[in-house]
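Student: Before I ask anything, let me first share the structure, which is written out below as structure tokens.
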Ligand code: NAD
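In the UniProt record's numbering, the protein residues as written are 1 to 252.
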């Protein structure tokens with residue numbers, strides 16, 4: 001059964017990782033999708049592979065004009081009614097070793113980018129009378145760790161912004177929710193540095209579900225939120241973290 005027939009989505013950071021899995025799943029369920037990313041090579045290749053249901057749009061989520069272009073592109077595909085604010089960057093460094101410029105770049109992409117995405121979706125989704133905005137935060141938007149001051153600040157902000165937007169936009173039929181992945185096997189999640197087997201043997205061994213997550217396991221959460229099945233969910237947090245926030249099996 002196709003669950004997204006009649007939906008047209010923008011997925012930022014759609015060229016790889018969780019964004020790519022989201023694009024693939026949305027298309028499988030009948031959505032038209034703008035793959036919006038700074039990685040032209042991967043984004044174009046994915047759009048070519050998936051065919052006429054998708055189009056690639058170069059965009060840096062921290063640039064307002066790029067949002068205007070992405071929304072225009074979505075409107076050429078269909079009625080723009082789903083936004084997945086997924087693109088983000090990670091900076092792992094102690095506060096003392098993080099410069100204000102490095103801090104601000106994280107905020108620009110992860111936080112301001114999400115803000116501008118929501119802002120640019122309001123008028124088209126109001127006109128459509130329906131919309132779902134899915135903001136990908138993190139477990140680090142609910143707790144934090146040493147070395148994640150900048151990233152965690154931005155992900156907490158995404159969660160707060162989600163609630164504000166939900167309160168403002170529910171009356172127009174626009175739902176806004178945040179998704180909170182735990183450790184997922186992507187480039188950001190360390191796939192370029194550590195094998196999945198090593199991760200499962202070490203870091204994830206103590207997690208309630210003792211393995212790293214897969215991008216598709218987050219894409220399925222966004223799929224639910226994008227459908228009309230989620231029609232009474234707004235301003236909420238959807239966690240898929242293998243039980244991480246519940247606690248570790250052997251904290252020592
Ligand atoms: P990834 O690094 O594998 O993919 C991110 C994608 O975003 C890439 O295609 C990249 O080119 C794109 N991107 C980066 N900066 C951009 C910009 N300025 N404008 C547009 N696109 C840009 O990351 P991922 O693991 O797939 O992460 C996706 C989302 O999930 C992020 O919001 C991330 O914070 C969140 N998340 C990931 C994990 C994890 O363990 N992987 C955990 C919690 C939350």
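Every residue gets a Cβ at the ideal spot worked out from N, C-alpha and C, and that includes glycine.
None of the values given here were measured: they were computed from a predicted structure.
Quick check on the DSSP output: the alpha helix (DSSP H) that includes residue 66 runs from which residue to which?
Tutor: Per DSSP, residue 66 belongs to the alpha helix (DSSP H) from 64-77.
Student: Is the beta carbon of residue 153 within less than 8 Å of some heavy atom of ligand 1?
Tutor: The answer is no for residue 153.
Student: Determine the extent of the alpha helix (DSSP H) in which residue 237 is found, giving its start and end residues.
Tutor: No alpha helix (DSSP H) holds residue 237; the beta strand (DSSP E) holding it covers 237-240.
Student: Hey, how far is the Cα of residue 30 from the Cα of residue 226?
Tutor: Going by the C-alpha atoms only, they are around 12 Å apart.
Student: Counting pairs of Cβ atoms below 8 Å between the segment 117-135 and the segment 68-80, do you hit three or more?
Tutor: With the cut-off at 8 Å, the segment 117-135 and the segment 68-80 touch.
Student: Counting beta carbon pairs with one atom in the segment 1-16 and one in the segment 34-48, are three or more of them shorter than 8 Å?
Tutor: Because the criterion of three Cβ pairs below 8 Å is met, the segment 34-48 and the segment 1-16 touch.
Student: If you compare alpha carbons, which of 172, 111, 26 and 90 is closest to residue 126?
Tutor: Checking every option, the nearest Cα to that of residue 126 belongs to 172.
Student: Return the residue from the list 6, 8, 2 and 21 that minimises the CA-CA distance to residue 221.
Tutor: The option with the nearest alpha carbon to residue 221 is 21.
Student: Beta-carbon separation of residue 23 and residue 72 under 9 Å?
Tutor: No; because the gap between Cβ atoms is not below 9 Å, this pair is not in contact.
Student: Between which two residues does the alpha helix (DSSP H) carrying residue 220 extend?
Tutor: 215-226 is the span of the alpha helix (DSSP H), which, as asked, contains residue 220.
Student: So the candidates are 170, 8, 104 and 138; which of them puts its Cα closest to the Cα of residue 183?
Tutor: Ranking the options by Cα distance to residue 183, first place goes to 138.
Student: Give every residue of the same chain whose Cβ lies closer than 6 Å to the Cβ of residue 5, excluding the five residues on either side of it in the sequence, and list them in chain order.
Tutor: If we look at residue 5 and ignore the five residues flanking it on each side, its Cβ neighbours are 30.
Student: Among the residues of its own chain, which have a CB less than 6 Å from the CB of residue 239, if the five just before and after it don't count?
Tutor: Counting only Cβ-Cβ distances below 6 Å, and skipping sequence neighbours, we find 180.
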